[in-house]
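Heads up: the sequence shown begins at 1 in UniProt numbering, then just goes up one per residue. Positions of the beta carbon are idealized from the N, C-alpha and C atoms, including for glycine. Just so you know, these numbers come straight off a predicted model, no measurement behind them. Take a look at the structure below.
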Amino acid sequence: MNLDIIDKKLLELLQADAKMTTKELSLKLNLSVTAVYERIKKLEREGLINKYVALLDRNKIEKGFVALCHVKLVKHNKEIINEFEAEVVNLPEVLECFHVSGDYDYILKICVKDMETYRDFMVNKLTSLKHIGSSHSTFMIGEVKNTTSYKFSY
């Protein structure tokens with residue numbers, strides 16, 4: 001789908017504040033409310049907008065301890081990969097999981113309350129998954145950038 005400048009601006013506005021009304025958006029984009037509504041519906045139908053979410057402050061919900069865990073599987077066949085991925089998807093502590101190239105097979109972003117909770121997660125959940133050969137964890141010291149917003153070139 002080709003996006004015009006108005007679509008791109010609309011997407012940036014919605015990423016900044018998805019609760020903005022079509023009237024507010026129409027004023028910012030200099031379009032009618034109906035035109036904005038139709039563009040949003042088109043972007044949803046085309047799958048550019050997947051869903052609308054509330055972004056939470058992880059520190060206020062006691063999930064401020066962030067670890068990146070690099071995982072290496074014992075073998076690399078389709079069955080083992082599918083099984084590992086199906087299991088890791090069901091771990092609520094894992095917010096993101098990336099299948100990557102390099103020394104490790106996966107990188108997991110894990111958010112929990114503290115180091116003790118992380119240790120419990122590692123001992124009782126992650127290392128109990130089948131097919132994990134090794135893991136290596138690094139911990140967030142400070143957050144430099146955290147965004148969910150994609151920018152467009154015009």
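Within the same chain, L68 come within 6 Å of T138 by CB-CB distance, once the 5 residues on both sides are set aside. The beta carbon of K28 is closer than 7 Å to those of L13 in its chain, skipping five residues each way along the sequence. Taking the Cβ atoms as the reference, L10 lies roughly 7 Å from L25, within the contact range of under 8 Å. Sorting R45, M140, T148, L129 by C-alpha distance to the C-alpha of C111 places M140 at the top. In the structure shown, the three-state DSSP call for T148 is coil. Looking from the CA of Y150, the closest CA among Q15, N2, D7 belongs to Q15. Assignment of beta strand (DSSP E) within the region 108-137, counting only whole runs of 3 or more residues, yields no such run.
Membership of K72 in any alpha helix (DSSP H) is not indicated; the residue belongs instead to the beta strand (DSSP E) covering 65-73. Excluding its 5 nearest sequence neighbours in each direction, I5 has C-beta neighbours in its own chain below 7 Å: Y154, listed in chain order.
Between the beta-carbon of H136 and that of H70 there is about 4 Å, and that keeps the pair under the 8 Å contact cut.
Looking at the backbone, the Cα of F65 and that of V33 are separated by about 43 Å.
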